[in-house]
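**Q** For the record, the sequence lines run as chains A and B.
Residue numbering for the first sequence follows numbering that gives the first Met the number 0, beginning at 0 and increasing consecutively.
Residue numbering for the second sequence follows numbering that gives the first Met the number 0, beginning at 0 and increasing consecutively.
We put the CB at the ideal spot given by N, CA and C, even for glycine.
There are 2 protein chains.
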Amino acid sequence: MNYDVVIIGGNPAGGAAAVSAKMLHKDKSILIIKKEPVSLVPCGIPYTFGTLNKVEDNQIDPERMKQGGINVLIGEVTVIDSVNKQLSLKNSELVSYDKLIVATGSVPFVPPIPGVDLEGVVTIRKEMEYIKAIQPQLKQGKNIVVVGAGFIGVEMSDELSKVCKNVTLIESMDSILPLAFDEEVVESAARVLQNHGVNIRTNTLVDKIVGENGKVSAVKLKDGEEIKADQVILAIGYRSNVSLAKECGINIGIYGGIITDDYMRTNIKDIFAVGDCVEHRDYFTNKQSKLMLASTAASEARVAGMNLFDLRIIRQTKGSIAIFSTSLDDISMGAAGLTEKQAKAEGFRIIVGVHSGVDHHPAILPDTSKQIVKLIFSEGSGVIIGAQIVGGVSTGEMINMLGLAIQKNMTASELALMQYGTQPKLTAGPTAYPIALAAMKAVHKIYEYNSCIL
Amino acid sequence: MNYDVVIIGGNPAGGAAAVSAKMLHKDKSILIIKKEPVSLVPCGIPYTFGTLNKVEDNQIDPERMKQGGINVLIGEVTVIDSVNKQLSLKNSELVSYDKLIVATGSVPFVPPIPGVDLEGVVTIRKEMEYIKAIQPQLKQGKNIVVVGAGFIGVEMSDELSKVCKNVTLIESMDSILPLAFDEEVVESAARVLQNHGVNIRTNTLVDKIVGENGKVSAVKLKDGEEIKADQVILAIGYRSNVSLAKECGINIGIYGGIITDDYMRTNIKDIFAVGDCVEHRDYFTNKQSKLMLASTAASEARVAGMNLFDLRIIRQTKGSIAIFSTSLDDISMGAAGLTEKQAKAEGFRIIVGVHSGVDHHPAILPDTSKQIVKLIFSEGSGVIIGAQIVGGVSTGEMINMLGLAIQKNMTASELALMQYGTQPKLTAGPTAYPIALAAMKAVHKIYEYNSCIL
Numbered sequence: 000m001n002y003d004v005v006i007i008g009g010n011p012a013g014g015a016a017a018v019s020a021k022m023l024h025k026d027k028s029i030l031i032i033k034k035e036p037v038s039l040v041p042c043g044i045p046y047t048f049g050t051l052n053k054v055e056d057n058q059i060d061p062e063r064m065k066q067g068g069i070n071v072l073i074g075e076v077t078v079i080d081s082v083n084k085q086l087s088l089k090n091s092e093l094v095s096y097d098k099l100i101v102a103t104g105s106v107p108f109v110p111p112i113p114g115v116d117l118e119g120v121v122t123i124r125k126e127m128e129y130i131k132a133i134q135p136q137l138k139q140g141k142n143i144v145v146v147g148a149g150f151i152g153v154e155m156s157d158e159l160s161k162v163c164k165n166v167t168l169i170e171s172m173d174s175i176l177p178l179a180f181d182e183e184v185v186e187s188a189a190r191v192l193q194n195h196g197v198n199i200r201t202n203t204l205v206d207k208i209v210g211e212n213g214k215v216s217a218v219k220l221k222d223g224e225e226i227k228a229d230q231v232i233l234a235i236g237y238r239s240n241v242s243l244a245k246e247c248g249i250n251i252g253i254y255g256g257i258i259t260d261d262y263m264r265t266n267i268k269d270i271f272a273v274g275d276c277v278e279h280r281d282y283f284t285n286k287q288s289k290l291m292l293a294s295t296a297a298s299e300a301r302v303a304g305m306n307l308f309d310l311r312i313i314r315q316t317k318g319s320i321a322i323f324s325t326s327l328d329d330i331s332m333g334a335a336g337l338t339e340k341q342a343k344a345e346g347f348r349i350i351v352g353v354h355s356g357v358d359h360h361p362a363i364l365p366d367t368s369k370q371i372v373k374l375i376f377s378e379g380s381g382v383i384i385g386a387q388i389v390g391g392v393s394t395g396e397m398i399n400m401l402g403l404a405i406q407k408n409m410t411a412s413e414l415a416l417m418q419y420g421t422q423p424k425l426t427a428g429p430t431a432y433p434i435a436l437a438a439m440k441a442v443h444k445i446y447e448y449n450s451c452i453l
Numbered sequence: 000m001n002y003d004v005v006i007i008g009g010n011p012a013g014g015a016a017a018v019s020a021k022m023l024h025k026d027k028s029i030l031i032i033k034k035e036p037v038s039l040v041p042c043g044i045p046y047t048f049g050t051l052n053k054v055e056d057n058q059i060d061p062e063r064m065k066q067g068g069i070n071v072l073i074g075e076v077t078v079i080d081s082v083n084k085q086l087s088l089k090n091s092e093l094v095s096y097d098k099l100i101v102a103t104g105s106v107p108f109v110p111p112i113p114g115v116d117l118e119g120v121v122t123i124r125k126e127m128e129y130i131k132a133i134q135p136q137l138k139q140g141k142n143i144v145v146v147g148a149g150f151i152g153v154e155m156s157d158e159l160s161k162v163c164k165n166v167t168l169i170e171s172m173d174s175i176l177p178l179a180f181d182e183e184v185v186e187s188a189a190r191v192l193q194n195h196g197v198n199i200r201t202n203t204l205v206d207k208i209v210g211e212n213g214k215v216s217a218v219k220l221k222d223g224e225e226i227k228a229d230q231v232i233l234a235i236g237y238r239s240n241v242s243l244a245k246e247c248g249i250n251i252g253i254y255g256g257i258i259t260d261d262y263m264r265t266n267i268k269d270i271f272a273v274g275d276c277v278e279h280r281d282y283f284t285n286k287q288s289k290l291m292l293a294s295t296a297a298s299e300a301r302v303a304g305m306n307l308f309d310l311r312i313i314r315q316t317k318g319s320i321a322i323f324s325t326s327l328d329d330i331s332m333g334a335a336g337l338t339e340k341q342a343k344a345e346g347f348r349i350i351v352g353v354h355s356g357v358d359h360h361p362a363i364l365p366d367t368s369k370q371i372v373k374l375i376f377s378e379g380s381g382v383i384i385g386a387q388i389v390g391g392v393s394t395g396e397m398i399n400m401l402g403l404a405i406q407k408n409m410t411a412s413e414l415a416l417m418q419y420g421t422q423p424k425l426t427a428g429p430t431a432y433p434i435a436l437a438a439m440k441a442v443h444k445i446y447e448y449n450s451c452i453l
């Protein structure tokens with residue numbers, strides 16, 4: 000078999016690369032090689048445990064790619080031969096490529112502590128068959144411990160609290176979602192999670208997982224306490240899946256991801272890499288970054304897909320901004336860029352503007368939610384470097400707007416005077432628009448600060 | 000009485016000017032002079048006819064200004080004496096100012112056709128007592144005709160359809176909301192309105208309003224047809240309220256609004272004007288514009304309030320972009336910048352990208368809405384000049400994001416590769432994010448176009 004473009008991996012990164020490659024290169028033949036016939040919506044996986052009825056509700060329509068003129072092969076690549084531009088498959092088939100995109104994704108990180116291989120200890124792998132296999136026992140769990148309060152850990156805890164009475168969420172840092180939110184912002188979300196029945200334990204370190212007859216029975220903490228558990232979910236991050244790439248000589252970075260240039264090209268000619276298997280760079284410092292996000296993957300996939308044969312579209316935003324959002328039904332949260340804590344740890348001098356209000360106007364309208372917007376600016380440049388929102392269901396798109404503001408290096412004064420639309424049932428009021436007001440408060444601080452030194 | 004800053008008008012423009020003036024100038028005394036003790040949330044007025052129980056539910060807390068250290072005087076200014084920097088009030092009081100901000104707003108336009116003064120013919124004035132007076136009879140109307148399918152007309156029709164069986168909405172142009180949306184985009188919203196029981200009549204011109212014994216009985220159309228009516232709402236726009244300003248020699252523009260510079264300064268020293276009483280300029284052509292929006296007013300108010308004594312904050316977005324949104328409960332719509340029709344009428348060569356999808360992922364999740372995003376780009380520059388969205392409740396903030404993209408002159412390729420966050424319950428999926436995909440389709444068209452001429 001011989002294709003112009005071959006993509007290894009059919010999750011968001013691989014799929015988006017295929018679609019954008021096909022859109023800009025109609026005459027090229029494109030093949031995706033993936034292990035499972037049906038892919039899951041990765042960020043939808045937690046919702047298959049509560050909100051949705053079954054794992055199949057969360058699948059990506061397997062016909063979509065074929066309809067778009069993209070070929071799909073179910074199989075496993077075992078060797079990349081970059082000299083002959085040929086892939087070997089497990090079933091001994093050979094596939095030749097002109098351009099290759101590696102989109103092999105990531106696998107859950109399993110910490111090196113005793114007990115992780117006991118029955119009842121699971122991770123959240125982005126694979127249909129695996130999730131289908133672990134779901135029944137998790138849903139019937141009596142005492143569930145979730146280790147790690149990132150987005151997966153928080154969403155899994157919230158969903159499982161709908162079907163299980165006793166869910167404990169363990170986090171080693173000060174607060175839940177510590178990489179996305181400052182403590183005081185995420186406080187109200189933690190209270191909602193507690194009201195849903197989740198027992199939150201922050202500043203808590205796991206010593207080991209304890210078992211009886213090969214089955215998990217408890218999680219032992221560093222302080223000696225034991226938390227009873229018949230199911231344990233390890234949700235402490237993912238690692239790039241790069242074994243194939245490594246073997247064929249592709250350069251790997253300090254965090255174990257594939258090193259690429261701005262156009263997702265690896266060190267080997269005609270081999271690109273996109274998504275979780277890539278070592279990203281931080282937007283603010285250009286340092287290597289551990290961040291993995293499906294939306295970042297999709298954006299990189301478009302960069303690669305559109306630029307496979309010649310550089311057609313310049314890439315203007317080079318590092319990853321980290322734009323997140325989540326929803327616990329009655330409260331939603333979004334974050335973009337650096338938190339106040341991260342910015343300070345990174346050495347930035349900052350100015351913060353916060354505004355609290357409501358997301359409809361007047362506030363008596365149905366479905367009105369409280370809304371807090373926290374903006375973080377570089378003190379000397381006035382440029383936005385971080386944003387956090389707690390609010391209603393508009394939070395997801397509102398944080399995307401602030402992500403865009405970060406990408407365009409907008410200043411506090413620009414945001415204070417920005418144009419926007421308001422509507423009673425959809426947004427805060429015209430004079431109370433929280434982004435403009437939080438920015439205005441930051442501008443005001445710059446003035447107060449200046450009057451001190453004058 | 001003597002104040003550093005006096006503001007005539009206490010609606011969004013006046014209120015926002017006062018708050019931002021106070022924030023950046025703590026030591027200055029500020030007075031708002033307004034006619035009614037209690038102001039209404041202007042865009043909330045339609046909702047007092049259905050969704051909300053009473054007009055008072057839609058008031059702006061009258062204590063808020065006072066708590067912020069802003070003085071409020073209930074009264075009516077009759078003369079601006081710009082030489083002595085003094086205002087005369089109806090009750091003969093005099094108020095001196097150092098800086099004056101005129102925020103006298105707008106009044107509904109009443110067309111010069113017979114019958115507009117009949118009993119039962121009303122406009123939507125932004126005044127508490129007026130709305131309280133007209134509301135009971137409107138709610139008891141049996142046959143209501145709304146003239147003008149702009150935002151007020153559409154929202155009033157939708158709300159009144161909740162309490163009245165027979166509502167007819169008349170529009171002279173091809174489709175509802177013609178200044179914000181292209182016909183094919185707004186189609187689904189028109190269907191929702193019809194399902195709510197509103198009888199839509201587009202391409203329909205009113206000849207006159209017919210009465211019996213001084214009361215309205217019908218609306219006669221240009222084609223001779225008569226539509227039975229016991230209540231008629233005229234919703235065909237507003238006109239700047241500038242009589243005070245005109246008399247004191249402030250320059251007025253071709254559409255009847257006050258002419259200001261970028262910092263909202265009029266031709267008379269120390270007199271500023273903000274909001275609906277100002278003649279705005281169009282962002283794309285710099286032509287005078289009839290556009291009036293509370294959010295534009297609030298933004299101008301901040302420009303004035305922060306720059307009253309010295310130019311502290313430069314204004315980077317000079318013209319009005321026109322960012323709108325509205326919601327008919329089960330469908331929401333947003334628009335920013337030029338429609339395709341307007342862009343062509345203005346002479347722009349354009350490229351359009353459209354993407355249809357859903358606003359949650361997977362689509363089986365509760366509250367998932369269909370979502371259409373239409374983006375309009377300048378063909379030669381690739382810069383975004385218009386956006387339209389039909390979708391769910393995230394539409395309001397999503398159109399604000401596209402408003403920001405317009406303010407930053409973003410290109411199709413930048414938007415195609417933009418970074419964003421996605422979340423199952425809050426946004427479309429990572430590979431199906433509609434702004435990126437609509438932009439990618441536009442980029443693709445640019446390529447197809449180029450291959451034609453090469």
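(1) Show which residues of chain B have a CB atom less than 8 Å away from the CB atom of Gln134(A).
(2) Would you call the segment 9-20 of chain B and the segment 88-108 of chain B touching, i.e. three or more CB-CB distances under 8 Å?
(3) Cβ of Val144(A) within 8 Å of Cβ of Val197(A)?
(4) If you draw a straight line from the alpha carbon of Ala17(B) to that of Cys163(A), how long is it in whole angstroms?
(5) Tell me the rounded alpha-carbon separation between Ser63(B) and Asp358(B).
(6) So is Ala148(A) in contact with chain B if we call contact Cβ pairs under 8 Å?
(7) Please identify the residue among Asp309(A), Val76(A), Ile6(A) and Lys125(A) whose C-alpha is closest to the C-alpha of Ala293(A).
(8) Could you pull the start and end residues of the beta strand (DSSP E) that Asn165(A) belongs to?
(9) Taking a cut of 7 Å between CB atoms, which residues from the segment 376-402 of chain B lie near chain A?
(10) When you compare only the Cα positions, how much space is there between Asp206(B) and Glu225(B)?
(11) Find the nearest neighbour of Pro113(B) within the set Gly210(B), Gly252(B), Ala431(B) and Asn90(B), judged by alpha-carbon distance.
(12) Pick out whichever of Asp80(B), Lys161(B) and Leu117(B) has its Cα sitting closest to the Cα of Lys268(B).
(13) Under a Cβ-count criterion, where at least 16 other Cβ atoms within 10 Å of its own Cβ denotes burial, should Asp181(B) be classed as buried or exposed?
(14) Determine the contact status of Ile31(B) and Val71(B), defining contact as a CB-CB distance below 8 Å.
(15) Since I believe Gly152(B) is in contact with Ala272(B) (beta carbons under 8 Å), could you give me their beta-carbon distance rounded to a whole number of angstroms?
(16) Look up Arg264(B) in the DSSP assignment and say whether it is helix, strand or coil.
(17) Hey, out of Asp281(B), Gln139(B) and Asn250(B), whose CA is closest to Asp229(B)'s CA?
(18) Closer than 7 Å by beta-carbon distance: list the chain A residues that pair up with Asp26(B), in chain order.
(19) Anything in the segment 422-434 of chain A with a Cβ closer than 9 Å to a Cβ of chain B? List those residues in chain order, please.
(20) For a cutoff of 8 Å on Cβ pairs, would you count Ile6(A) as touching chain B?
(21) How should Tyr2(A) be labelled, buried or exposed, when 16 other C-beta atoms within 10 angstroms of its C-beta is the threshold for buried?
(22) Can you confirm whether Ser326(B), when its beta carbon is compared against all beta carbons of chain A, has any partner nearer than 8 Å?
(23) Report all residues from its chain with a CB closer than 8 Å to the CB of Leu290(A); omit the five preceding and five following residues, and keep chain order.
(24) Would you mind sorting Lys407(A) into buried or exposed? The rule is 16 or more other CB atoms within 10 Å of its CB.
(25) Does Ala437(B) pass the burial test, meaning 16 or more other C-beta atoms within 10 Å, or should it be called exposed?
(26) Taking 7 Å as the cut-off, is the beta-carbon of Thr50(A) closer than that to any non-hydrogen atom of the ligand FAD?
(27) Can you give the Cα-Cα distance for Val184(A) and Lys34(A), rounded to whole angstroms?
(28) Can you give the Cα-Cα distance for Leu453(A) and Ile434(B), rounded to whole angstroms?
(29) Taking only the alpha-carbon atoms, compute the straight-line gap between Arg474(A) and Phe283(B) and give it to the nearest angstrom.
(30) Strictly below 8 Å CB to CB, what residues from chain B border Asp56(A)?
(31) Select from Lys373(B), Ala335(B) and Ile375(B) the residue whose C-alpha is nearest the C-alpha of Met400(B).
(32) Where does Val184(B) sit, in a helix, a strand or coil, going by DSSP?
(33) Indicate whether at least one CB of chain B lies closer than 8 Å to the CB of Ile322(A).
(34) Over what stretch of residues does the alpha helix (DSSP H) that includes Met127(A) continue unbroken?
(35) Can you confirm whether Gln315(A), when its beta carbon is compared against all beta carbons of chain B, has any partner nearer than 8 Å?
(36) Tell me which residues of the segment 114-143 of chain B have at least one Cβ-Cβ distance to chain A shorter than 7 Å, keeping chain order.
**A** Looking at the atomic coordinates:
(1) Chain B residues near Gln134(A): none, gap ~16 Å exceeds 8 Å.
(2) yes
(3) no
(4) 53 Å
(5) Checking the sequence, you will find Arg at residue 63(B) rather than Ser. Cα to Cα, the separation comes out at about 36 Å.
(6) no
(7) Lys125(A)
(8) Asn165 to Ile169
(9) Val392, Ser393, Thr394, Gly395, Glu396, Met397, Ile398, Asn399, Met400 and Gly402
(10) 10 Å
(11) Gly210(B)
(12) Asp80(B)
(13) buried
(14) yes
(15) Not a contact, Cβ separation roughly 27 Å.
(16) strand
(17) Gln139(B)
(18) Residues of chain A passing the Cβ test: none, with the nearest at roughly 10 Å.
(19) Gln422, Pro423, Lys424, Leu425, Thr426, Gly428, Pro429, Thr430, Ala431, Tyr432 and Ile434
(20) no
(21) buried
(22) yes
(23) His279, Asp281, Ser319 and Ala321
(24) buried
(25) buried
(26) This structure lacks the ligand FAD; in fact it carries no ligand of any kind.
(27) 41 Å
(28) For Leu453(A), the predicted model reports a pLDDT of 48, less than 50, meaning its position is unreliable and no value from the coordinates is stated.
(29) Residue 474(A) is absent from the model: chain A starts at 0 and stops at 453.
(30) Pro361 and Ile363
(31) Ala335(B)
(32) helix
(33) yes
(34) Met127 to Lys138
(35) yes
(36) none
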